[in-house]
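The structure appears below as structure tokens.
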Amino acid sequence: MPPIIEEILTEVGYNKNKIKKVIDVVLAHKFEAPRRLDKQLLIDADTLSDSFKEQFYSDVKEFKTTPKENYNFRKNNHFYTRTAQIIFNKELGKRRKEFFRSRE
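Take -14 as the starting number for the sequence shown in my numbering and just add one per residue.
Here it is in structure tokens:
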């Protein structure tokens, strides 16, 4: 993946330092235990997005699951930061209330 990133960013005028930073951020998604906070925040933000309404129900449709199945899968997500975990729990709680309410 990095060669195509480097090629595209070079074409649009990014300098080598900025290209390296972009590639580092993209590759952060591949790390299992990043040590740098910026990489941890990137992974947390990406994982956190799964709990918000639009993405949650988009995943239900895309993966042909039920909201409950998606909830049970997502509830095991782990985060590097406490703040992300708190937001995630709050948002996932909203999704749980929605699918329980829709069954009544």
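In this text, a Cβ means the ideal position worked out from N, Cα and C, and glycines have one as well. Remember, it's a predicted structure, so these values are computed and weren't measured experimentally.
For residue 79 and residue -4, the gap between their C-alpha atoms comes out near 44 Å. The beta carbon of residue 81 sits closer than 7 Å to those of 56, all from its chain and outside the five residues before and after it, given in chain order. In this structure, residue 35 and residue 59 form a Cβ contact; the two beta carbons are roughly 6 Å apart against a cut-off of 8 Å.
Residue range 22 to 33 is occupied by the alpha helix (DSSP H) that includes residue 29. The C-beta separation of residue 76 from residue 37 comes to about 6 Å, placing the pair in contact by the 8 Å criterion. Collapsing the DSSP output to three states places residue 61 in coil. For the pair residue 72 and residue 33, the CB atoms are nearer than the 8 Å cut-off.
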